[in-house]
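Peer 1:
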Amino acid sequence: MEFLRPETWDEALALKAEHPDAVPVAGGTDVMVELNFDRRRPPALLDLNRVAEAARWESDGAVVRLGAAVPYARIVSELGRELPGLALAARTVGSPQIRNRGTVGGNLGSASPAGDAHPPLLAAGRGVRVEAASVRGTRMVPVDDFYLGPKRSALEPDELVRAVHVPVAGGPQQFSKVGTRNAMVISVCSFALALHPADRTVGTGIGSAAPTPRRAAEAEAFLAGELAERGLWERGGELDEAVVRRFGELAAAAASPIDDVRGSADYRRHALAVMARRTLGWCWAGYTGLPERSAA
Amino acid sequence: MENTDLTVNGARRSVGTAPGSTVAEALRDGLGLTGTKTICGTGACGSCTVLLDGEPATACTTPCAEVGGREVTTVEGLGGDHPVQRAFAAHDALQCGYCTPGFVVAAAAFTDRWRAKNGDGEPARAEIAEALAGHVCRCGAYEGILAAVAAACAGKHDAPDGTAPARVEAAEKTTGRARYTTDVRLPGQLEGVLVRSPHPHARVGAVPAAHDGASAVVDLLGADRTARWAGQPVAAVAAPTRAAALAAAAALPLEWTPLPAVLDADAARRPDAPLVYGTAEARRAAPRSNEAPPPPAKWRGNVRGPADFSWRGGTAAKRIAAARARGDERLVSAVFTTAAQSHSSPEPHACVAHWDGAGDLHLHVSTQSVAKVRAAAAKRWGLAPERVHVHAEHVGGGFGAKVGLGVETVAAAELARAAGAPVRVVFTRAEELAHGGHRPATRAELSLLADADGNLAALTLDVHGDGGTAVGTNSAALARYLYGTAPRRLRDHDVVTHTPPGLPFRAPGGPPMAWALEQAVDEAAHRLGEDPIALRRRWDGNPRRAAVYDWAAALPAWAGRAPSGSATGRFRRGVGVATANWLYLLDPAAEVELTVEGGVVVARTATQDIGTGSRSVIADVLRAELGLPADRVRVEVGHSGTVHGPASAASSGTPSIGPAALDAAARLRAALPGGPAAALDGAEGLRVVGRRRRDRRGYVTPFPLGGLAIGRGFAGAVNVTEVEVDTGLGTVRPLRIWAGIAAGRIYAERLARSQCEGGIVQGVGYALHEERRTDPVTGAVLTDSLDSYRLPRIGDIPEITVRFHEEGWEHVPGGGVGLGEISTVAVAASIGNAVHNATGWRPLDLPIRPDRVLAGLAGLPGRAAPGEGGA
């Protein structure tokens, strides 16, 4: 097995074109596990750690361009204001050791439905784009089109995730995740919610409860419609309990979970409804400045 | 191979590594820095934590080729004087020590950063838990770890305090110097791997005597030629590298004839089910999930039983049938189930075997019994016992799965003989979780009847154990020894299937028995309108527990608990109680040998320290009895070639070596009339052997069985547990657990406390998280990683209070018995009872999973599904 160590993106893309079977690695938290267990023996690893740009992020005030190899620990400490949903999700990733190494680029590259970064990216708005680069050029793939199946993404064999572009939050964003123990929880399922007051839309993301990360489109449309119809975007005020409950039901209905060793399909649907109600309660409290009502 | 240049602990090092290898491999295999341990290989356990440019990272998921030019700091690089290392020793934040280096490295980084930011002070418990969320301590030393890190952050360990640590080998374990079997490297050593059956049931053709790329190939199946579970070792292969051995094993031509298999207990019971054991001989050779020889019982197909332990069983059955017929409210009947629990010792099953030029066999082995390994190896290979040399300097846990001659040892010794070179066999974490042993799953049908006076009138308990190919279910039998002498029908059954065999696991049979009986007693108290502690105190025949009940009843949490099911709201708190009872076993042949060497009293016995603290028990006795300072006593265990020592199993270690050490001390005192402290320097070479003196009134067993005698009296425990149930998500969070333990005199107080805390931690795992799952179609174990098999972590653990009641064991020399098992037996049951108190719903199935909680709450009469109503 070869270990390829490019110093620049140009080199990285050239190497990926030459070795389409090469597996990109930054933190190694997914890839090395597969190697350790002989689940996969790729002919080459493509180490992105020397490509300085990959570990940088920049913001023009409207959109954050997040390099593929920025570790979760830095998202938590540096991007809590710009990308609050992603930062909240990043806090729940593994352990400090894993957050020091794991990256959003890795989550996107492996496209595991359990990746914690996916739901907040989906919720952050239709403007989220994955920058997929190759020697042929750069494509901006809308995040909705990125996930194709379990561990399958829209990336071509010669492409690398170079960055992800995420709009700076214009409203409250929340993330919730359940596991079967308190510490170091791998997601049984997770839910992200973002309110976008500028265009009066609602964003959601569901993790670990379908073959791919997905949004709860009906729940988004329902909530945005209710908020508009009742004038709540402008005047704030309390959310009707029936609205909260219906939002939870629609969020759960959007999932198509399976039974596995982490949890049952029924439990995942139930938990999604609970998480959708909870995150809505938190977001609405953040939006209106009103104290959160019991929204369990 | 390629060379990678690393900066490790401040020095430039060059190490040859295979492409794609990890920092962990480079450190351990390339540089011999074996303080860095690899328990899981998935970044999930933290044992391989190193600092990369000062930040914690898991070395097992970090490619070696990446870290050239970066600074790697390992546990060895911390020296031994980091405040966290001193604090871990001072607070006994460890047991077996195998996960300790990883904890120490991460805790050191956390402590340094926290103090730089906050100055000296104590971080909140939750903040420390979050920093160490990536680590697993299977022994459960979390309370000590939390205390140690808090004290280090507060600046209490910046300088040595001059006192010896409670655990004599603490410094070795906090610096990574302690050497385990997995750390042994002998010159010319080959790597051995096991070839496991891909089928749950198959005839297996002959194993070839040699194969390309293999230095040796050996057969492990013998004349039977039948594989009875997916994963059963059938052959072993050795090669110069692990990769080569794996490749040769994968290519080994073996002829498999798959046979019909039964993969669950229901299928196994059907009249036309394929038989796991077709002959009486095969049945006799069945592996056992219990340390005691199985009592006689008949086989019918795949069911063995009943093994009957009844006392006036007919009367019990009649009373219960009559109560059922008249609809008696004081009759409690339910079916309780428990899931299989994997041991998952931190150090996997491991052996390095070597035959010397004289034909002696040398075994470095991770074992709970140096003595049993030596005896079994001598028998198997036809050697005089003194020609088998067993070494287990440090042992990374066992919990019952490492008592005898394991397949890793058989394979390593056979391969070493065939190859003419030392061979190492080490299980992977996946092998350990799937095939390294588990507590069998059980199904218990229980009926308990109270009479009009509120006394126990009758009990019937039928337990079916599902231990794969193993037999030895004993849970019903254990209900014989609690709650007086009321009539009881107690029957144990084994249902065998083509799945991996269970093994004895800390208090075999105890937790499933308590899960059923202690919840039934709780329910009886509920029906009788009596306080559950008061009822138990009334029913309990063990006088040693009376004081413990009084202590438990006076706990403010107990006194202030609300009536069961009265809590409302999303988060509901409840408090539960459960009682435990455990046999007192000992090894009456245990000895401790003392020799005066260079002015130091050196104690030796062929026992081992798997984290239970046998070194420290002996050292404490000798220091106290001889009035010697710490540096005048040295304890050497973990080697054969000295006097007989007990197994670290069945809670028998301490009540065997403690008295033997007392006797040895008395003999040495007698041989040194001037007093030991003054006379040691002139007594070079003086040797005495202390024996385990007999208990007053002797033992229940006329002669030892398997090296163990059953002593008189039962250890007791009472657990009180407070939980909070999230009725929205169905999760159960233990908030506080109290344990009153009646096991007599405590030898080494801090270590005893830690062991009891560990028993409680494992009980919490058993109650809430741990569930070994098998694929119903292939028989393969699905929970074969630390992601899918959920061990409790530091953030899952409540505050634990342990209280020892030390009276009542005056008939035992030394005055105390073992603690390892009694501390874990009733924990899950106390959590079940606390959930009932919180919610009014009684969990019958372990683990208490969130989906089960939600289904249970939804089924309560007169209540909407919780969480659905926006409550």
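Residue numbers (our numbering), protein chains in the order written: chain X, 1 to 296; chain C, 297 to 1167. Glycine residues also receive a C-beta, built at the ideal position from the N, C-alpha and C atoms. Remember, it's a predicted structure, so these values are computed and weren't measured experimentally.
1) Just how far apart, CA to CA, sit residue 432 of chain C and residue 339 of chain C?
2) If contacts are defined as beta-carbon pairs under 8 Å, then residue 632 of chain C and residue 878 of chain C qualify, I think. What distance do you get, rounded to the angstrom?
3) Any C-beta of chain C sitting closer than 8 Å to the C-beta of residue 118 of chain X?
4) With which residues is residue 189 of chain X paired in a DSSP beta bridge?
5) List, in chain order, every chain C residue whose beta-carbon is nearer than 8 Å to that of residue 186 of chain X.
6) Residue range of the alpha helix (DSSP H) that residue 852 of chain C falls in?
7) What residue does the alpha helix (DSSP H) around residue 880 of chain C start on, and which one ends it?
8) Identify the contact partners of residue 353 of chain C in chain X, using a Cβ-Cβ distance below 8 Å as the criterion.
9) Report yes or no: do three or more beta-carbon pairs, one from the region 28–46 of chain X and one from the region 55–63 of chain X, lie closer than 8 Å?
10) Using 8 Å as the limit for Cβ to Cβ distance, is residue 296 of chain X near chain C?
11) So what does residue 532 of chain C bridge to, in DSSP terms?
12) Is there at least one Cβ from chain C nearer than 8 Å to residue 32 of chain X's Cβ?
13) Would you say residue 545 of chain C lies against chain X (beta-carbon separation less than 8 Å)?
14) Are any of the Cβ atoms in chain X nearer than 8 Å to that of residue 998 of chain C?
15) Taking its Cβ as the centre, do 16 or more other Cβ atoms sit within 10 Å of residue 1150 of chain C, making it buried, or is it exposed?
16) In whole angstroms, what is the alpha-carbon distance linking residue 1023 of chain C and residue 270 of chain X?
17) How is residue 381 of chain C classed by DSSP in three states: helix, strand or coil?
18) Taking 8 Å as the cut-off, does the region 1051–1068 of chain C touch the region 1103–1122 of chain C (at least 3 CB pairs, one atom from each stretch)?
19) For residue 743 of chain C versus residue 616 of chain C, is the C-beta spacing smaller than 8 Å?
20) Nearest-angstrom Cα distance between residue 512 of chain C and residue 711 of chain C?
21) Let me see if you follow: with CB-CB separation under 8 Å, is residue 339 of chain C close to chain X or not?
22) Residue range of the alpha helix (DSSP H) that residue 275 of chain X falls in?
23) Can you give me, in chain order, the residues of the region 46–78 of chain X that have a beta carbon less than 7 Å from any beta carbon in chain C?
24) Would you kindly check if the distance between the Cβ of residue 119 of chain X and the Cβ of residue 213 of chain X is under 8 Å?
25) Looking at the structure shown, is residue 229 of chain X part of a helix, part of a strand, or coil, going by DSSP?
26) So, is residue 291 of chain X buried or exposed, given that buried needs 16 or more other C-beta atoms within 10 angstroms?
27) Hey, would you say residue 875 of chain C sits closer than 8 Å to residue 1014 of chain C, going by beta carbons?
28) What does the alpha-carbon distance come out to for the pair residue 961 of chain C and residue 915 of chain C?
29) Can you tell me where the alpha helix (DSSP H) holding residue 824 of chain C begins and where it ends?
30) Does the beta carbon of residue 420 of chain C come closer than 8 Å to any beta carbon on chain X?
31) Express the C-alpha separation of residue 241 of chain X and residue 497 of chain C in angstroms, rounding to a whole number.
32) Less than 8 Å separating the beta-carbons of residue 470 of chain C and residue 384 of chain C?
33) Hey, residue 1038 of chain C and residue 844 of chain C are a contact pair by Cβ (cut 8 Å); roughly how many whole angstroms apart?
34) What are the start and end residues of the beta strand (DSSP E) that includes residue 657 of chain C?
35) If contact is defined by three or more beta carbon pairs under 8 Å, each pair taking one atom from either stretch, is the region 464–480 of chain C in contact with the region 382–398 of chain C?
36) Counting only the same chain and skipping the five closest in sequence on each side, list residues whose C-beta sits under 6 Å from that of residue 198 of chain X.
Peer 2: Working from what's here:
1) Translated into positions along the second sequence, residue 432 of chain C becomes position 136. Translated into positions along the second sequence, residue 339 of chain C becomes position 43. Near 11 Å, if we compare the C-alpha coordinates of residue 339 of chain C and residue 432 of chain C.
2) The residue given as residue 632 of chain C occupies position 336 in the second sequence. The residue given as residue 878 of chain C occupies position 582 in the second sequence. Going by Cβ atoms, the distance from residue 632 of chain C to residue 878 of chain C rounds to 19 Å, so no, they are not a contact pair.
3) Within the first sequence, the letter at position 118 stands for residue 118 of chain X. Not an interface residue.
4) The sequence position of residue 189 of chain X within the first sequence is 189, counting from 1. Per DSSP, X:178.
5) Here residue 186 of chain X refers to the residue found at position 186 when the first sequence is read from its first residue. Within chain C, the residues near residue 186 of chain X are 1083.
6) As a position in the second sequence, residue 852 of chain C is number 556, starting the count at 1. Run containing residue 852 of chain C: 852–855, per the alpha helix (DSSP H) assignment.
7) Position 584 of the second sequence, counted from the start, is the residue given in the question as residue 880 of chain C. Here residue 880 of chain C belongs to no alpha helix (DSSP H); instead the beta strand (DSSP E) covers 867–882.
8) As a first step, residue 353 of chain C is located in the second sequence; it is residue number 57 there, counting from the start. Per Cβ cutoff of 8 Å: 97, 100 and 101.
9) no
10) Along the first sequence, one-based indexing puts residue 296 of chain X at 296. Confidence in residue 296 of chain X is poor, its pLDDT being 43 and thus under 50, which makes the residue's placement unreliable; the coordinate value appears in the next sentence. Yes, because at least one Cβ of chain C sits closer than 8 Å to the Cβ of residue 296 of chain X.
11) Position 236 of the second sequence, counted from the first residue, corresponds to residue 532 of chain C. Answer is C:490 and C:514, bridged to residue 532 of chain C.
12) What you label residue 32 of chain X is simply residue 32 of the first sequence in a count that begins at 1. Closer than 8 Å: yes.
13) Taking the first residue of the second sequence as 1, we reach residue 545 of chain C at position 249. Not an interface residue.
14) Locating residue 998 of chain C in the second sequence gives position 702, where the first residue counts as 1. So no, residue 998 of chain C is outside the interface.
15) As a working mapping, residue 1150 of chain C is identified with position 854 in the second sequence. Classification of residue 1150 of chain C: buried, given that the 10 Å Cβ count is 16 or more.
16) Indexing the second sequence from 1 puts residue 1023 of chain C at position 727. Indexing the first sequence from 1 puts residue 270 of chain X at position 270. Taking the straight line joining both Cα atoms gives about 12 Å.
17) What you label residue 381 of chain C is simply residue 85 of the second sequence in a count that begins at 1. Here residue 381 of chain C sits in helix by DSSP.
18) yes
19) Here residue 743 of chain C refers to the residue found at position 447 of the second sequence. Here residue 616 of chain C refers to the residue found at position 320 of the second sequence. Closer than 8 Å, so yes.
20) By one-based count along the second sequence, residue 512 of chain C stands at place 216. By one-based count along the second sequence, residue 711 of chain C stands at place 415. Distance between the alpha carbons of residue 512 of chain C and residue 711 of chain C is about 6 Å.
21) Along the second sequence, one-based indexing puts residue 339 of chain C at 43. It does: the Cβ of residue 339 of chain C has a partner Cβ on chain X nearer than 8 Å.
22) Looking up residue 275 of chain X in the first sequence gives position 275. Start and end: 265–288.
23) 47 and 49
24) Position 213 of the first sequence, counted from the start, is the residue given in the question as residue 213 of chain X. Position 119 of the first sequence, counted from the start, is the residue given in the question as residue 119 of chain X. In this structure, residue 119 of chain X lies closer than 8 Å to residue 213 of chain X by Cβ.
25) Mapped onto the first sequence, residue 229 of chain X falls at position 229. Residue 229 of chain X: helix per DSSP, three-state reduction.
26) In the first sequence, residue 291 of chain X corresponds to position 291, counting from 1. When all chains shown are included, residue 291 of chain X counts as exposed.
27) In the second sequence, the residue the question calls residue 875 of chain C occupies position 579. In the second sequence, the residue the question calls residue 1014 of chain C occupies position 718. Yes, the pair counts as a contact, with Cβ atoms nearer than the cut-off.
28) Indexing the second sequence from 1 puts residue 961 of chain C at position 665. Indexing the second sequence from 1 puts residue 915 of chain C at position 619. Looking at the two C-alpha atoms, the distance is approximately 11 Å.
29) To locate residue 824 of chain C, count along the second sequence from 1; it is residue 528. Residues 806–824.
30) For the purposes of this step, residue 420 of chain C is identified with residue 124 of the second sequence, where counting begins at 1. No - not a single Cβ of chain X is within 8 Å of the one on residue 420 of chain C.
31) The count along the second sequence starts at 1 and reaches residue 497 of chain C at position 201. The count along the first sequence starts at 1 and reaches residue 241 of chain X at position 241. If you take the alpha carbons of residue 497 of chain C and residue 241 of chain X, they lie about 57 Å apart.
32) Residue mapping note: residue 470 of chain C aligns to position 174 of the second sequence, counting from 1. Residue mapping note: residue 384 of chain C aligns to position 88 of the second sequence, counting from 1. Yes; because the gap between Cβ atoms is below 8 Å, this pair is in contact.
33) The residue given as residue 1038 of chain C occupies position 742 in the second sequence. The residue given as residue 844 of chain C occupies position 548 in the second sequence. Sure, about 5 Å apart at Cβ, within 8 Å.
34) On the second sequence, position 361 is the one that residue 657 of chain C refers to. That run of the beta strand (DSSP E) goes 657–661.
35) yes
36) Numbered from its first residue, the first sequence carries residue 198 of chain X at position 198. Within the same chain, residue 198 of chain X has close Cβ partners 170.
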